[in-house]
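Protein chains in written order, with my numbering: chain A, 24 to 350; chain B, 24 to 350.
We treat Cβ as the ideally placed atom computed from N, Cα and C, and that holds for glycine.
Being a predicted model, the structure only gives us computed values, none of them experimental.
Number of protein chains: 2
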Amino acid sequence: MDLISMLSDRIIAVNQALESALDIGEHDKLREAIRHIPMAGGKRLRPVLAMLTADSISECGDKVIPFGVSLELIHNFTLLHDDVMDKDSLRRGVETVHVLFDEATAINAGDVLFARAFETLSTTDVSDAVIRDLVREVAGAVRNIGEGQQLDKDFEQRTDITEEDYLKMIEYKTARLFQIASKGGAMIAQGTQEQVNAMSEYGKLLGMGFQIWDDFLDLKADESLLGKPVGSDIKNGKRTLMVVHALARLEGQERDTFFGVLGNQNASSDDVQGAIALMDKVGSTTYAEQMALGFAKRSKELLEILPESEHKEILKKITDYMVQREK
Amino acid sequence: MDLISMLSDRIIAVNQALESALDIGEHDKLREAIRHIPMAGGKRLRPVLAMLTADSISECGDKVIPFGVSLELIHNFTLLHDDVMDKDSLRRGVETVHVLFDEATAINAGDVLFARAFETLSTTDVSDAVIRDLVREVAGAVRNIGEGQQLDKDFEQRTDITEEDYLKMIEYKTARLFQIASKGGAMIAQGTQEQVNAMSEYGKLLGMGFQIWDDFLDLKADESLLGKPVGSDIKNGKRTLMVVHALARLEGQERDTFFGVLGNQNASSDDVQGAIALMDKVGSTTYAEQMALGFAKRSKELLEILPESEHKEILKKITDYMVQREK
């Protein structure tokens with residue numbers, strides 16, 4: 024049985040709750056705008072991670088669904104706003120909201136998704152004290168996501184980004200939401216403080232590996248699976264781990280060629296492939312692949328705090344999947 | 024003693040808590056971006072309203088401060104995003120965030136203010152059960168604000184807006200946050216259900232009057248007090264009550280002249296004054312003024328549910344102020 028089949032019941036439950044959370048508002052265009060990206064696909068990794076964590080601790084994954092949906096809403100709100108900031112026109116194989124409608128609608132729809140996340144979170148069937156803690160944690164995570172996004176945008180204009188800078192940026196921008204997913208799942212399941220702490224760290228490391236792999240896929244995935252053009256990060260000038268690694272190693276003519284493509288929206292796909300070949304040559308793509316695998320390995324070790332169960336086995340498989348997936 | 028002097032202790036307390044809520048993050052530009060508009064002024068009406076309501080019910084205004092600050096943060100987040108959507112370049116007499124930095128930073132800073140609002144709300148010294156209710160109410164209000172903003176933007180492209188459409192738009196976009204301010208204050212003060220309901224309605228009606236007066240000021244205020252050019256709503260094509268009223272009455276050449284200015288960013292200040300004169304001529308400005316006063320009057324009647332106190336007297340004065348203020 025493959026991983027997706029193992030997760031299908033949970034994904035179906037999350038999708039139903041998500042669909043219902045999005046069935047709001049009287050304004051037709053805004054309704055369509057908030058549903059567009061969430062309904063265009065998505066793996067629901069954050070809710071599923073939260074549910075599996077809760078199941079591993081006290082078999083209460085179903086109770087986690089509203090919390091998990093709130094994370095999915097937050098994830099999608101950040102996608103809408105990021106697409107405006109990055110002026111990206113494709114996401115999950117469909118037009119982005121600001122292209123389909125306009126920028127104002129995309130900003131506004133993102134805000135509504137964000138608000139809806141906290142409404143949904145507040146309905147989670149857990150004690151009021153846990154709700155207060157979750158609100159603080161989730162809001163803090165979103166604040167960090169904003170800080171990470173700001174770093175990501177700033178980095179586009181800089182050539183002196185270190186690996187440490189990059190890792191901090193993805194910890195904030197991406198890993199924080201995975202972190203609160205598994206941490207929140209453990210909190211709702213009333214895990215011990217040690218379990219909550221371990222699952223928090225687990226989610227963080229997993230999220231780091233996920234993002235590095237995501238950047239890797241942007242260069243190496245099959246375009247039809249990716250849902251957007253290969254190498255769009257390069258044309259957007261994103262300082263991925265591979266770019267940071269390559270910039271520290273490329274010299275002379277090769278460095279000039281690389282800079283001619285990085286951040287150049289008019290670069291051809293041959294130009295992009297040339298830049299990728301340069302990153303391959305200096306070992307940047309392999310380096311990133313290995314680092315993603317390393318984060319996944321370290322995160323998996325933290326699962327040892329959980330009792331043995333089929334849920335824990337699925338968590339291990341998800342951990343591997345994060346850095347092996349093809350899209 | 025004038026109203027501002029009566030409120031000064033509360034405003035100082037709110038400003039201290041707000042300053043502290045904004046003292047976050049390691050990213051210098053983002054720190055500056057989130058502080059820029061909140062620190063450039065603002066009357067802190069929403070926090071003060073929440074505090075006065077709580078004081079009127081059980082003398083616990085201080086307890087309301089974090090909740091009040093969360094509303095102020097939300098108000099400011101919506102200002103940042105609205106300025107991007109409307110491409111406005113001045114606010115409170117200073118450059119807007121997207122002009123001072125860039126659009127991405129303004130969107131991002133708005134998101135961070137939004138997140139910070141829920142972090143701050145979660146620290147309010149009130150029972151966990153009330154926190155859950157407040158989170159749901161505040162998040163629902165923000166969702167409505169997004170719907171109201173969407174209506175406002177859509178209306179700019181339409182000439183068939185009715186007074187009913189306009190009132191619904193401002194109920195969502197503006198009145199909802201005043202409504203949750205006084206309602207939340209009553210909830211935190213453990214008012215009776217009747218008091219909570221009456222204060223909810225009070226805030227809503229007050230907010231309606233506030234917005235109509237705000238639109239009136241955009242045409243009639245002293246520009247140096249307003250902090251932005253007089254008539255910017257006209258140049259932005261905003262369908263204010265006065266515009267809706269005038270469009271239903273202007274005919275022939277006058278109607279054509281009016282349409283030549285409405286939504287025309289290149290209109291001169293003489294053009295704008297000409298359009299205002301047309302609205303005066305068909306009675307639109309007087310009509311709006313009277314309607315603002317009517318909302319304030321109806322809202323004030325709802326204060327009768329509160330016990331007699333100096334706080335209640337200040338609430339009455341605030342209610343009058345909302346539709347008499349010069350900026």
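Residue i - DSSP class collapsed to helix/strand/coil
i, result
"Arg114 of chain B", "strand"
"Val161 of chain A", "helix"
"Ile168 of chain A", "helix"
"Ser291 of chain B", "coil"
"Glu312 of chain A", "helix"
"Glu274 of chain B", "coil"
"Gln347 of chain B", "coil"
"Glu82 of chain B", "coil"
"Thr76 of chain B", "helix"
"Asn99 of chain B", "helix"
"Asn259 of chain B", "coil"
"Ala244 of chain B", "coil"
"Lys304 of chain A", "helix"
"Phe178 of chain B", "helix"
"Gln213 of chain B", "coil"
"Arg69 of chain B", "helix"
"Pro61 of chain B", "helix"
"Val122 of chain B", "helix"
"Asp32 of chain B", "helix"
"Glu49 of chain B", "coil"
"Asp25 of chain A", "coil"
"Asp106 of chain B", "helix"
"Glu331 of chain B", "coil"
"Lys251 of chain B", "coil"
"Ser205 of chain B", "helix"
"Val219 of chain A", "helix"
"Thr147 of chain B", "coil"
"Leu325 of chain B", "helix"
"Leu229 of chain B", "helix"
Check whether residue i and residue j have beta carbons under 8 angstroms apart
i, j, result
"Ile337 of chain A", "Met29 of chain A", "yes"
"Arg115 of chain B", "Gly84 of chain B", "no"
"Ile341 of chain B", "Ala209 of chain B", "no"
"Ile257 of chain A", "Ala298 of chain A", "yes"
"Ala212 of chain B", "Thr76 of chain B", "yes"
"Gly100 of chain A", "Phe141 of chain B", "Correcting the residue type first, residue 100 of chain A is Phe in the shown sequence and not Gly. In this structure, Phe141 of chain B does not lie closer than 8 angstroms to Phe100 of chain A by Cβ."
"Val117 of chain B", "Pro70 of chain B", "no"
"Ile168 of chain A", "Leu103 of chain A", "no"
"Ser223 of chain A", "Leu72 of chain A", "no"
"Asn259 of chain A", "Gly283 of chain A", "no"
"Glu349 of chain A", "Asp245 of chain A", "yes"
"Tyr225 of chain A", "Ser322 of chain A", "yes"
"Asp241 of chain B", "Gly250 of chain B", "no"
Exposure label - residue i; buried when at least 16 CB within 10 Å
i, result
"Asn289 of chain B", "exposed"
"Lys304 of chain B", "exposed"
"Arg166 of chain B", "buried"
"Glu155 of chain A", "Looking at the sequence itself, residue 155 of chain A is Arg, so the reference to Glu does not match. Buried is the call here."
"Leu248 of chain A", "exposed"
"Glu274 of chain A", "exposed"
"Gly133 of chain B", "buried"
"Arg33 of chain B", "buried"
"Arg181 of chain A", "exposed"
"Ala271 of chain B", "exposed"
"Ile35 of chain A", "exposed"
"Thr143 of chain A", "buried"
"Gln218 of chain B", "buried"
"Asp106 of chain B", "buried"
beta-carbon residue i near the ligand GTP non-hydrogen atom, thresh 7 angstroms
i, result
"Tyr189 of chain B", "Annotation note on the ligand GTP: not contained in the displayed structure, which lists no ligands."
Neighbouring residues, chain D, relative to residue i (Cβ below 7 angstroms)
i, result
"Lys176 of chain A", "No chain D appears in this structure, whose protein chains are A and B."
> Would you say the stretch 45 to 58 of chain A touches the stretch 305 to 321 of chain A, given that touching needs at least three Cβ pairs under 8 angstroms?
Replying inline: no
> Would you call the stretch 84 to 103 of chain B and the stretch 110 to 117 of chain A touching, i.e. three or more CB-CB distances under 8 angstroms?
Replying inline: no
>> Pairs of beta-carbons, one from the stretch 224 to 238 of chain A and one from the stretch 197 to 210 of chain A, closer than 8 angstroms: are there three or more?
In response: yes
> If you measure beta-carbon to beta-carbon, which residues of the stretch 210 to 229 of chain A are closer than 8 angstroms to chain B?
Replying inline: none
>> Please list, in chain order, the residues of the stretch 33 to 59 of chain A that have any C-beta partner in chain B closer than 8 angstroms.
In response: Ile47, Gly48, Glu49, His50, Lys52, Leu53
> Given a limit of 7 angstroms on CB to CB distance, which residues of the stretch 158 to 171 of chain B reach chain A?
Replying inline: Val158, Arg159, Ala162, Gly163, Val165, Arg166, Gly169, Glu170
> Taking a cut of 7 angstroms between CB atoms, which residues from the stretch 129 to 143 of chain A lie near chain B?
Replying inline: Ile130, Asn131, Asp134, Val135, Phe137, Ala138, Arg139, Phe141, Glu142
> Counting Cβ pairs closer than 8 angstroms, one from the stretch 40 to 51 of chain B and one from the stretch 166 to 178 of chain A, do we hit at least three?
Replying inline: yes
>> Counting only Cβ-Cβ distances shorter than 7 angstroms, please list the residues of the stretch 89 to 108 of chain A near chain B, keeping chain order.
In response: His104, Val107, Met108
>> Which residues of the stretch 266 to 296 of chain B have a Cβ closer than 8 angstroms to any Cβ of chain A? Give them in chain order.
In response: none
> Taking a cut of 8 angstroms between CB atoms, which residues from the stretch 173 to 199 of chain B lie near chain A?
Replying inline: Gln173, Leu174, Lys176, Asp177
> Just by C-beta distance, which residues in the stretch 235 to 259 of chain B are closer than 7 angstroms to chain A?
Replying inline: none
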